[in-house]
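According to the working numbering, the sequence shown is numbered sequentially starting from 1. Note that beta-carbon positions come from the ideal geometry of N, C-alpha and C, so glycine has one too. In this text, all values refer to a predicted model and were calculated from it rather than measured experimentally.
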Amino acid sequence: MELTVHTSEPYRIIIERGCLGRAGGYAAKRFRPGSRTVIVADSNVAPLYAKQISRSLKEAGFSAGTFVFPAGEESKRLSSIEKIYGAFARNRLTRSDFAVALGGGVTGDMAGFAAATWLRGIPFVQIPTSLLAQIDSSIGGKTGVDVPEGKNLVGAFHQPSLVLIDPDTLQTLPPRFFSDGMGEAIKHGCIKSRPLFDFIKTSDVRTDMERLIAENLKIKRAAVEQDEFDNGERMLLNFGHTFGHALEKLHGYRGLSHGQAVGIGMVIMAQCGEKAGLTEPGTAAEIASVLQRYGLPVSDKEITDPRPIIETAMLDKKALGGTVRLVMLKKIGESFLYPADKKRLTELLEAVL
Ligand SMILES: NC(=O)c1ccc[n+]([C@@H]2O[C@H](COP(=O)([O-])OP(=O)(O)OC[C@H]3O[C@@H](n4cnc5c(N)ncnc54)[C@H](O)[C@@H]3O)[C@@H](O)[C@H]2O)c1
């Protein structure tokens, strides 16, 4: 299956079982023969898949180096980017060469940022291997790193030149990361597609991963095409994130994973919407039952005081002059932006906590 993303420079997404072994052939359609590349991968993913891709690239006439970093969000920092630049330099990457991001969202964000900034920008290929990366982070061009002041605060928009998705890689993905990715898939259904939500609710998605990936990417693609630089439509993708980010932060980025926090954030937001008469009654319960089906929590018993959540939400980088734009659901499949100042946010949250 193939999709094209029509951003300023259009690019192809290939969703195909076994396509990792054909990476060289796909790259040869996009880059000139003899180009050089560096495959960036973390310490879990590199031993599983880097050799296969490197072999395929070399067979297609490319020269391919590999750079491996310790797996985990802790690596997503500027000091790792410097090390990636070192690998690009050793492999003499020029603007007519390309980088390869092989792995989850951490790898994609870092390799993409290194590619965005090396020689003021070289192309890169996304080969996502986590569910979150396959349905979300590998397209759209948001790249970057965390700094001590907060997550994803440093970055650049840099679209990939090609995205290769092999659903077979999910067979080695640990279950908790599969659940995390399902949180994002449920979110996509909530904001834009009742049919996708129902597919996730009623089917065993593992038997049709290509469909799950493609349907999610179509939603993300539409948001990215309408709003490449994240000023409007794309904000709907943040459903569950305002409270989700706040919960992650309050747990010191350890107690809850991102997917778990966003799941709880979606339920709280739907409850707020229902209480305020903005959201169809029963929506929060329906979202909660689907989250549970995929092993995700639906509430956070430790959080009973809305104040720290509100303070953290008001610091969100998307807050504008004392107003946060909440993503609310009218019903499952239909979302809208709802501006709220601190007073309104407090009323909404106090009604449900
Ligand atoms: N750029 C964007 O638009 C965007 C969107 C959402 C999230 N993100 C970012 O993505 C990151 C989270 O992504 P993630 O959950 O993929 O994290 P991750 O890259 O750390 O991957 C999760 C874990 O799964 C392992 N893994 C990945 N694929 C595997 C496979 N096939 N087999 C075995 N192990 C595998 C990794 O080594 C890691 O331990 C965060 O940093 C977040 O900020 C970016």
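Around the beta carbon of Arg36, 16 or more other beta carbons sit within 10 angstroms, so the residue counts as buried. The alpha-carbon separation between Leu291 and Gly333 amounts to approximately 16 Å. Closest in alpha carbon position to Ala60, among Tyr49, Arg22, Lys342 and Tyr85, is Arg22. By the Cβ neighbour-count rule, Met1 is exposed, with fewer than 16 other Cβ atoms within 10 Å of its own.
For Val145, the closest C-alpha among the options Thr323, Gly105, Leu170 and Tyr11 is that of Gly105. When C-beta atoms of the stretch 191–205 are compared with those of the stretch 159–174, fewer than three pairs fall below 8 Å, so the two segments do not count as touching. For Met328 and Leu315, the gap between their C-alpha atoms comes out near 19 Å. The criterion of a C-beta distance shorter than 8 Å is not satisfied by Val224 and Arg211.
Cβ neighbours of Gly25 within its own chain (closer than 8 Å, five residues either side excluded): Ser56 and Ala60.
Secondary structure note for Thr129: it is in no beta strand (DSSP E), with a DSSP letter that is neither H nor E. Placement of the Cβ of Thr169 at a distance of less than 7 Å from at least one heavy atom of ligand 1 is found.
Nearest to Thr323 by C-alpha distance, out of Thr312, Phe157 and Gly259, is Thr312.
In this structure, the C-beta of Lys331 stays at least 7 Å away from each heavy atom of ligand 1. With fewer than 16 neighbouring CB atoms inside 10 Å of its own CB, Leu119 falls in the exposed class.
For Ile219, the enclosing alpha helix (DSSP H) starts and ends at Met209 to Gln226.
In this structure, Ile264 is the residue among Ile264, His251, Glu228 and Arg254 with its C-alpha nearest to the C-alpha of Phe239.
The C-alpha of Glu274 is placed about 33 Å away from the C-alpha of Ser130. Here Ala351 is exposed, its C-beta having fewer than 16 other C-beta atoms within 10 Å. In terms of CA proximity to Thr107, Gln134 leads the group Gln134, Gly121 and Thr94. Under the criterion of beta carbons closer than 8 Å, Ile303 and Leu247 qualify as touching, at roughly 7 Å. The closest heavy atom of ligand 1 lies less than 7 Å from the beta carbon of Leu173. Judged by beta-carbon spacing, Ile213 lies within the 8 Å limit of Ile15, meaning their Cβ atoms are closer than that value. Straight-line spacing of the CA atoms in Gln226 and Ser289 works out to 31 Å. Closest by C-alpha distance to Leu250, out of Leu217, Lys51 and Arg307, is Arg307. The residue among Tyr253, Arg95, His188 and Thr207 with its C-alpha nearest the C-alpha of Phe31 is Arg95. For Ser130, the distance from the CB to the nearest heavy atom of ligand 1 is below 7 Å. Counting only runs of at least 3 residues, the stretch 43–88 fully encloses the following beta strand (DSSP E) elements, listed from N- to C-terminal order: 63–69. Between Leu102 and Val45, the C-beta gap is smaller than 8 Å, which places the two residues in contact.
Excluding sequence positions up to five before and after Thr346, its CB lies within less than 7 Å of the CB of Pro306 and Ile310, all in the same chain and listed in chain order. Nearest to Arg17 by alpha-carbon distance, out of Met269, His245 and Pro128, is Pro128.
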